[in-house]
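Visitor:
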Amino acid sequence: MEPKKNIILVDDHIIIRNGLKELIEKIGPFKIAHQYDNGPEFVVSITEKKDADLIILDINMPGMNGDQVMEKLNQANIRIPVLILTVNEALNEILNSGYYHNEFLTYSLRASLDGKKKTVQQEILEQLTDREKEFLKLVCHENEYKYEQIADIMHVQHRTVDGYRESVFDKFGIKSKTGLVLFILRHKLLEHL
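In my numbering, the protein residues as written are 366 to 558.
#1: Give me, in chain order, the residues of the same chain whose beta-carbon lies closer than 8 angstroms to that of V533; leave out the 5 immediate sequence neighbours on both sides.
#2: Could you round the C-beta distance between D422 and G431 to whole angstroms and report it? I think they count as a contact, below 8 angstroms.
#3: Label I379 either buried or exposed according to how many other C-beta atoms from any shown protein chain fall within 10 Å of its C-beta, with 16 as the threshold for buried.
#4: I'd like the list of long-range same chain contacts for P446, defined as Cβ closer than 6 angstroms, with 5 residues on each side in sequence excluded.
#5: Mapping DSSP to helix, strand and coil, what is L558?
#6: Of all the options L554, P405, V485 and V375, which has the alpha carbon lying nearest to the alpha carbon of A417?
#7: I'd like to know if V546 contacts chain B, where contact means its C-beta is closer than 7 angstroms to some C-beta of that chain.
#8: Use the C-beta contact count for G384: other C-beta atoms within 10 angstroms, 16 or more gives buried, fewer gives exposed.
#9: Using beta-carbon positions only, say whether I372 and F395 come within less than 7 angstroms of one another.
#10: Under a Cβ-count criterion, where at least 16 other Cβ atoms within 10 Å of its own Cβ denotes burial, should L448 be classed as buried or exposed?
#11: Specify, as a first and last residue, the run of the alpha helix (DSSP H) that L503 falls within.
#12: Are the CB atoms of Y512 and V526 nearer to each other than 7 angstroms?
#13: Taking all protein chains shown into account, decide if V504 is buried (16 or more other Cβ within 10 angstroms of its Cβ) or exposed.
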């Protein structure tokens with residue numbers, strides 16, 4: 366029998382903690398070993414609980430939010446993997462911009478801990494092919510090209526452009542052309558395409 370993985374759950378809402386505990390312990394060999402309802406208490410105790418396999422951390426907590434908790438973990442050289450809970454942020458991001466970028470948030474919070482020097486921008490660019498970069502540059506062109514026009518400029522079939530679009534949407538959780546443009550502008554990608 367596979368040994369259970371110990372998880373620390375940090376969230377200021379007891380209903381969410383209880384629901385996550387029940388769900389997580391049902392879906393696999395996991396055990397919620399410790400729970401905390403605030404960042405300061407968790408940070409003080411974490412040095413004694415280095416046997417944990419994963420930390421689930423709410424990003425929106427009063428007093429000390431998830432960003433601040435991550436800074437403390439980095440300073441203490443705690444190398445336990447962290448899953449960031451960002452439900453409110455995710456809903457607002459999708460409603461406001463048409464996409465959600467949780468993988469980049471997590472990456473940026475963990476970058477200094479892992480000793481990585483890459484920026485979120487570099488991480489995004491490394492996932493794009495040359496043709497996808499060309500496609501993105503045309504999507505943001507001042508002439509506001511339609512997908513059919515982009516296909517003509519790139520000398521490819523319309524369905525090939527659809528493929529570029531779907532690939533980029535899938536990679537970064539984007540849902541619309543507006544969301545795509547906002548994503549490019551937000552991460553200042555245009556000058557690197």
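We treat Cβ as the ideally placed atom computed from N, Cα and C, and that holds for glycine.
The structure presented is a predicted model; accordingly, all values stated were derived computationally and were not measured.
Guide: On the basis of the data shown:
#1: For this step, residue 533 is matched to residue 168 along the sequence shown. Cβ within range, chain order: L493, E497, F500, L501, I539 and L545.
#2: Here residue 422 refers to the residue found at position 57 when the sequence shown is read from its first residue. Here residue 431 refers to the residue found at position 66 when the sequence shown is read from its first residue. Asp is not the amino acid found at residue 422; the sequence shown has Leu there. So it is a contact: roughly 5 angstroms between Cβ atoms.
#3: The residue labelled residue 379 in the question sits at position 14 within the sequence shown. An exposed status is given to I379, since fewer than 16 other beta-carbon atoms sit within 10 Å of its beta-carbon.
#4: Here residue 446 is taken as the residue at index 81 of the sequence shown, counted from 1. Same-chain partners within the cutoff: L419.
#5: Counting from 1 along the sequence shown, the entry for residue 558 is found at position 193. Reduced to three states, the DSSP call for L558 is coil.
#6: Working through the sequence shown from its first residue, we reach residue 417 at position 52. That would be V375, whose Cα lies nearest to the Cα of A417.
#7: The chain inventory of the structure shown lacks chain B, comprising one protein chain alone.
#8: The residue you call residue 384 lines up with position 19 of the sequence shown. A residue is called buried once 16 or more other Cβ atoms fall within 10 Å of its Cβ, and G384, having fewer, is exposed.
#9: Counting from one through the sequence shown, the residue named residue 372 turns up at place 7. Counting from one through the sequence shown, the residue named residue 395 turns up at place 30. Against a cut-off of 7 angstroms, the Cβ pair of F395 and I372 comes out as a contact.
#10: Residue 448 sits at position 83 when you count from the first residue of the sequence shown. L448 is exposed by the Cβ-count criterion.
#11: Taking the sequence shown and counting its residues from 1, one reaches residue 503 at position 138. First-last of the alpha helix (DSSP H) with L503: D495 to V504.
#12: Within the sequence shown, the letter at position 147 stands for residue 512. Within the sequence shown, the letter at position 161 stands for residue 526. Closer than 7 angstroms, so yes.
#13: Here residue 504 refers to the residue found at position 139 when the sequence shown is read from its first residue. The residue is buried, with at least 16 neighbouring Cβ atoms inside 10 Å.
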